[in-house]
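Residue numbers (our numbering): 64 to 172.
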């Protein structure tokens, strides 16, 4: 059921374009596919400093791997909230840690 509520690829990119400094996609608005779109946008968006993805159980390891790729090139983002994203496992955490090796801006995750 959570997957049915998740925003589409284009909807995520549109929200990112209009976000300003803070983007909130909470309570299941985004899943792994949405994270892939978000990561794509993070590669070019240098205005966004904070993303709240709390309570998005649709985000799992694949979504984290995509976010990690976006973090490798984005140097503006300082905070990502993944509180209560209960589908993220060891592989997703490892991918995020790997993405942080080249990202000097992110201070809170």
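For every residue, glycine included, the Cβ atom is placed at its ideal position computed from N, Cα and C.
- Excluding the 5 residues flanking it on each side, residue 162 has same chain C-beta neighbours closer than 6 Å at 131, 134, 135, in chain order.
- Short of 7 Å from the beta carbon of residue 82, and not among the five residues preceding or following it, lie these beta carbons of its own chain, in chain order: 111.
- For residue 151, DSSP assigns no beta-bridge partner whatsoever.
- In its chain, beyond the 5 residues on either side, 137, 138, 139, 140, 141 have a beta carbon closer than 8 Å to the beta carbon of residue 168.
- Setting aside the 5 residues that flank it on each side, residue 100 is surrounded in the same chain by 72, 75, 76, each with a C-beta closer than 7 Å to its C-beta; the list follows chain order.
- The C-beta distance from residue 118 to residue 91 rounds to 7 Å, short enough to fall under 8 Å.
- With a cutoff of 8 Å on beta-carbon distance, residue 116 and residue 145 are scored as near each other.
- Counting only runs of 3+ residues, the beta strand (DSSP E) found wholly inside the region 92-138 occupies 113-115, in chain order.
- When 164, 155, 86 are compared, the shortest CA-CA separation from residue 104 is found for 86.
- Shown here for residue 124: same chain residues with a beta carbon closer than 6 Å to its own, the five before and five after excluded, namely 152, 154, 155 in chain order.
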